[in-house]
Amino acid sequence: MTVKQWLAVLLLSVASLPAMAAEVAGVKLDDKVNVTGTELALNGAGVRSRFGLAKVYVAGLYLTGKSKDAEAIIASKQTRRVVLVMKRDVEADKMLDAFKEGIVANTTGPELAAIQPKIAEMEKIFKAVREVKEGDVILLDFGSDGGTRITVRNQAKEVISGADFQAALLRIWLGKKPVQDELKKALLEG
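Here the sequence shown stands for residues -21 to -1, 1 to 169, where the numbers follow mature numbering (1 follows the signal peptide of the UniProt record, and there is no 0).
Dropping the structure here:
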């Protein structure tokens, strides 16, 4: 094989590799994903840590187009995805409590009352999971139809309907009182 042929093979091999957009805390996130037929691009990614030391998960935000506008992302009717890759074992009840705290911190009383049945549906999903382990992947797919599908360890759970519930979940990371300011900033790299 000549040098030119070898270089051509090398270039073709590299070009055929899946694009990796980011590596955060040892977790590789794809540049693009396909959610129900819609191609999404990685908008930003970061680490959720507790007390600045313990890494809980790596989060990635996928959108149809890059954006730094949290409110526009929350209000969007387009397909979106939040991916969480666990960096440690966490009981599902604790993960659920953290989600609920984030929802309560960013939702008004009347909004919270309206989505209470949807929060109860989310509780059933987390109680069935029991525990998420280091390396487990949680996908939160926000469909353009207003439905939210939660997938844990490649097992899709039921769809929870309502754009109001989608907005409440997204505010956990993108709201005025996000779970972590640094993580919000990283997700909005756009």
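Here a beta-carbon is modelled for each residue, glycine too, at the ideal position from N, C-alpha and C. Quick caveat, the model's predicted, so the values are computed rather than measured.
In the three-state scheme derived from DSSP, where H, G and I count as helix and E and B as strand, Leu167 is classed as coil. Assignment of alpha helix (DSSP H) within the region 66 to 120, counting only whole runs of 4 or more residues, yields 71 to 84 and 88 to 108 in chain order. Contact annotation: the region 105 to 117 does not touch the region 47 to 59, with fewer than three C-beta pairs closer than 8 Å.
By the C-beta density criterion, Leu148 is buried, having at least 16 other C-beta atoms within 10 angstroms.
Residues Leu118 of the same chain have their beta carbon placed closer than 6 Å to that of Thr130, with the five preceding and five following residues left out of the count. Tyr36 is not a Cβ neighbour of Leu75, given a cutoff of 9 Å. Apart from the 5 residues on each side of it in sequence, Asp68 sits with its Cβ closer than 6 Å to the Cβ of Lys112 and Glu113 in its chain, given in chain order. Comparing C-alpha distances from Val158 to each of Gly141, Val83, Ala142 and Glu168 shows the shortest one belongs to Val83. DSSP places Asp9 in the strand class (E or B) of the three-state scheme. Distance check between Gly122 and each of Lys136, Arg132, Ala142 and Lys103 places Ala142 closest, using alpha-carbon atoms only. When the Cα atoms are used, Asp72 and Phe105 turn out to be separated by approximately 7 Å.
For Gln145, the secondary structure class from DSSP, reduced to helix, strand or coil, is helix.
Close CB contacts of Val6 within its chain, under the 7 Å cut and outside five residues either way in sequence, are with Val37 and Val64 (chain order).
Per the DSSP secondary-structure output, Glu18 pairs in a beta bridge with Asn13.
Rounded to whole angstroms, the Cβ separation of Ser46 and Asn13 is 19 Å, and the two are not in contact under 8 Å.
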